[in-house]
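Residue numbers (my numbering): 155 to 1090. Ideal placement from N, C-alpha and C gives every residue a C-beta, glycine not left out. Some notes on the structure that comes next.
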């Protein structure tokens, strides 16, 4: 209604108010008025008190009550919605909206945008200009805009995935207020103080002076955050943070690298507490697969904790050639190593077997790190296996001892002198040495220098030109205590002292634990550490790979993202948004919050301002209130009628007609009201139909010709599957990715229509989630015949350009043409290619991991860890499958070879079986049996 904060969902139902005069007339004339007959003896009856009286007409107040009840029913049927004012005073001054837009605002972003939109609408009614100042952009000029332009600018804003410093925006706000003069200010706060919140509040109070300020706070859900994940000995823990109040219990979900759920962990906050922990009691193998922790139901980058290889709990094998005296465990090197490594690694001891056998077992188990304490001569085969294991990424840590001092193998980072050196004692003038320096470019850089460590014996390195570059820790006389170098993808480290107390008291110090921790961390994530590690040039930075947006969803890095140092351990910033950086096989995780970061409620009591709640700005549905009031009036009417009519019997006998009319009006009004559950009923019907049978799905493009061909093609493939396989699928289903649930379908066929508008982002996000949860989408550009000669990929065709536009917003894996040994070529039929109406296009799937060993090369079928979430073709598969109702094929083939259509159906069967059965055909047991059965 114009000028009022009230709107109606079904305004036409207000025409029912025209029936109120008719209802008034009916209620007024009923019951019928009794006839009056003058009879003189009746005066004798005046003094007799009647047992009950019947009024000659309905009292006016009872008629008004019934009319009010009927009017309330009509208003309720029209769906009234109250759009209250935001609380800002009417003014002619411009309106400045300060908007918190960091990760803390993401969980209630829609609520804040609605509140800002309402502010802009009120300013438009008052013919005022509007300026919007996102507090994350201090360098952005604040300008006054018309309300229409302000709405467009508002819709273009999105929360940022990092913590902002509001104080940086104060100079820009001050310049705007100085240039504008009188101005009304509204601050849409997220209520989170992640640092320097009080500085901004005090600075804002000085900046605005006497101007009117309204702070919106409260009413929106309190944001949650995750930080300080730790993979401990028996469990993984992560801290859950909140500002104040809000959600008391919840669930943290653990996901793997493919966004598949691994486990859930519940958490609960104690009363008044702002911090708690969620715990995952899982085997170490499952905990090492976790790459993402997130609070279920929370849409915020702060509620996501990304994990890289630094969080993996490594399995480390310990081998010693020393004789271990079980009666005196303090003399065994394994005692110190086990206790130093146990807090952050799983220890496996090579006990009850020879050192060579223990090393062989650890190599067979493919451990990432092996520690050898005083192991001297190695068998040639073990030596070669160790060297190859290091080249492939293994980390070998060796400790000196008598045996190593006499050995001469080359599995050490520096060349050693035989015999070593003894410091102190009656036969030498040299005194025990202290540790003096850690290499600035080595893994121990930054550790506190211990002053109480002494070395009484060590193995010496032969001086050469590169010795200083390989020294990570040195003694006072310059001789190295720890040396290391990188070999291939792995690393080789040597402690020039023993792992027990015979040569040094280093194993008893806390520095020993920290030094081993640094080496273990390097074994999980191995960026080039610089000259101190391998004598190479220091690696400066790693580039962004995938980053999070403000809502915690992965996407391509923004244009503002910059490479960061390989040893980056701080929280995310504008230049370094949260996400994964570096190579895909070993990325570096950057999170919104650092382990030491905490959040608190923002204290705005120091500033004089009006307070408003986000809930006050939200529309309210008044149907429930009006219906309740109407029913209450009808109940009062029933009681009044019963009293006036002399009881229930009189009510039934004399007032049945008015009650029936009112009841009919109530029933008619309720039936006329729009049902709020129709959409749910439709979705339930869709779900029941989708799960009643296995069904294939296709995306409805809106192009009638394409949709009819695709529907007929999917029906033809379904019929062929029923004739040739054990799968009896139901009729194919057309889906709209933006609205329909996709999880019911194992395969979705998406025909690309050149020139069609790009699907909305909601549809892209739902398709992305569908693929990450195990579904497969078959994109078909249907334009292989339009590709230039020799261009099998069709990269320049209109269909491929349209597909690239869609895929630019999807987080898809690396793709490759289907290789000959791919399991997709063998799931049901043995195929070389995948023809459709055309045969010249290539079929693309997720790239398989490289396998260079001879055993893998001889394998007849090969698959990855799961089914490829995406398949791309340009051969118009559905066009080859499409059949008319009379059983004839709809479209001709190009070039039209006799068996081309049959091969097209076989390609479809292989694709469907691949999505349904996965990679079981890649098992070496099945493939030889199939080939033998075929006589090949």
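- Query: Looking at the structure shown, is residue 262 part of a helix, part of a strand, or coil, going by DSSP?
  - Reply: Reduced to three states, the DSSP call for residue 262 is helix.
- Measure from the alpha carbon of residue 462 to the alpha carbon of each residue in 762, 1036, 790 and 741, then state which is nearest. It is 741 whose Cα lies nearest to the Cα of residue 462.
- Query: For residue 881, which of 444, 698, 872 and 889 has the nearest alpha-carbon?
  - Reply: Ranking 444, 698, 872 and 889 by Cα distance to residue 881 puts 872 first.
- Below 6 Å CB to CB, which residues in the same chain sit around residue 908 once its five sequence neighbours on both sides are set aside? If we look at residue 908 and ignore the five residues flanking it on each side, its Cβ neighbours are 952, 953 and 956.
- Close-in-space but distant-in-sequence residues of the same chain around residue 366 (CB under 6 Å, 5 per side omitted): So the list reads 338, once near-sequence residues are dropped.
- Query: Within this structure, are the beta carbons of residue 864 and residue 1032 separated by less than 9 Å?
  - Reply: Yes, the Cβ-Cβ distance between residue 864 and residue 1032 is below 9 Å.
- Buried or exposed: residue 415, going by 16 or more other Cβ atoms within 10 Å of its Cβ? Looking at its Cβ environment, which holds fewer than 16 other Cβ atoms inside 10 Å, residue 415 is exposed.
- Task: Given a cut-off of 9 Å, decide if residue 528 and residue 653 are closer than it, judged by their beta-carbon atoms.
- Result: For the pair residue 653 and residue 528, the CB atoms are nearer than the 9 Å cut-off.
- Proximity to residue 413 [Cα-Cα], best of 875, 1054, 928 and 364: Closest option to residue 413, Cα to Cα, is 928.
- Item | Cα-Cα separation, residue 490 to residue 474 | Each residue's alpha carbon lies about 12 Å from the other.
- Residue burial classification, residue 176 (beta-carbon count within 10 angstroms, cutoff 16): An exposed status is given to residue 176, since fewer than 16 other beta-carbon atoms sit within 10 Å of its beta-carbon.
- From residue 334 to residue 263, what distance separates their C-alpha atoms? In a straight line, the C-alpha of residue 334 is about 29 Å away from that of residue 263.
- Query: DSSP three-state call for residue 103: helix, strand or coil?
  - Reply: The shown model of the chain, from 155 to 1090, leaves out residue 103, and the question about it has no answer.
- Message: Taking only three categories from DSSP, how would you classify residue 130?
- Response: Residue 130 is absent from the model: the chain starts at 155 and stops at 1090.
- Task: Inspect the beta-carbon positions of residue 1027 and residue 885 and report whether they are closer than 9 Å.
- Result: Cβ atoms of residue 1027 and residue 885: not closer than 9 Å.
- Item | Where the beta strand (DSSP E) through residue 645 begins and ends | 644-649 is the span of the beta strand (DSSP E), which, as asked, contains residue 645.
- Task: With a 10 Å radius around its C-beta and 16 neighbouring C-beta atoms as the bar for buried, classify residue 165 as buried or exposed.
- Result: Answer is exposed; the Cβ neighbour count stays below 16.
- When DSSP labels each residue in this structure, what does residue 1037 get in the three-state scheme? Secondary structure at residue 1037: strand, using DSSP grouped into helix, strand and coil.
- For the region 612-619 and the region 445-458, state whether three or more C-beta atom pairs, one from each stretch, are separated by less than 8 Å. No: fewer than three Cβ pairs fall under 8 Å.
- Item | Cβ pair residue 621, residue 549 closer than 9 Å | Contact annotation: residue 621 and residue 549 have beta-carbon atoms that are not nearer than 9 Å.
- Task: Report buried or exposed for residue 797, applying the criterion of at least 16 other Cβ atoms within 10 angstroms of its Cβ.
- Result: Looking at its Cβ environment, which holds fewer than 16 other Cβ atoms inside 10 Å, residue 797 is exposed.
- Message: For residue 362 and residue 308, which I take to be in contact (beta-carbon distance under 8 Å), what is that distance rounded to the nearest angstrom?
- Response: Incorrect: roughly 21 Å between the Cβ atoms, too far for contact.
- What separation, rounded to the nearest whole angstrom, lies between the Cα atoms of residue 674 and residue 963? Those two C-alpha atoms are separated by around 37 Å.
- Message: Can you list, in chain order, the residues of its chain with a C-beta nearer than 6 Å to that of residue 420? Leave out the 5 residues immediately preceding and following it.
- Response: 405, listed in sequence order.
- Item | Element boundaries [beta strand (DSSP E), containing residue 638] | It spans 634-641 - the beta strand (DSSP E) in which residue 638 sits, taken as one unbroken run.
- What is the rounded straight-line gap between the Cα of residue 499 and the Cα of residue 438? Taking the straight line joining both Cα atoms gives about 10 Å.
- Would you check if the distance between the CB atom of residue 641 and the CB atom of residue 544 is smaller than 9 Å? Contact: yes.
- Item | Top-ranked residue by Cα proximity to residue 311, from 272, 267, 324 and 279 | Nearest option by C-alpha distance: 267.
- Three-state secondary structure (DSSP) of residue 983: If DSSP states are grouped into helix, strand and coil, residue 983 belongs with coil.
- What do you reckon, are the CB atoms on residue 717 and residue 698 nearer than 9 Å? In this structure, residue 717 sits near residue 698, with a CB-CB distance shorter than 9 Å.
- Message: DSSP has residue 502 in a bridge; who is on the other side?
- Response: Note: residue 502 sits in a beta bridge opposite 471.
- Pick from 587, 230, 919 and 1054: whose alpha carbon is nearest that of residue 651? Put simply, of 587, 230, 919 and 1054 the residue whose alpha carbon is nearest the alpha carbon of residue 651 is 587.
- Message: For a quick check, are the C-beta atoms of residue 385 and residue 281 less than 9 Å apart?
- Response: The answer is no: Cβ separation not under 9 Å.
- Message: According to DSSP, simplified to helix, strand and coil, what is residue 393?
- Response: Three-state result, residue 393: strand.
- Message: Could you compute how far the alpha carbon of residue 441 sits from the alpha carbon of residue 671?
- Response: Approximately 19 Å between the Cα atoms of the pair.
- Just tell me which of 252, 1053, 987 and 966 has its CA closest to the CA of residue 972. Distance check between residue 972 and each of 252, 1053, 987 and 966 places 987 closest, using alpha-carbon atoms only.
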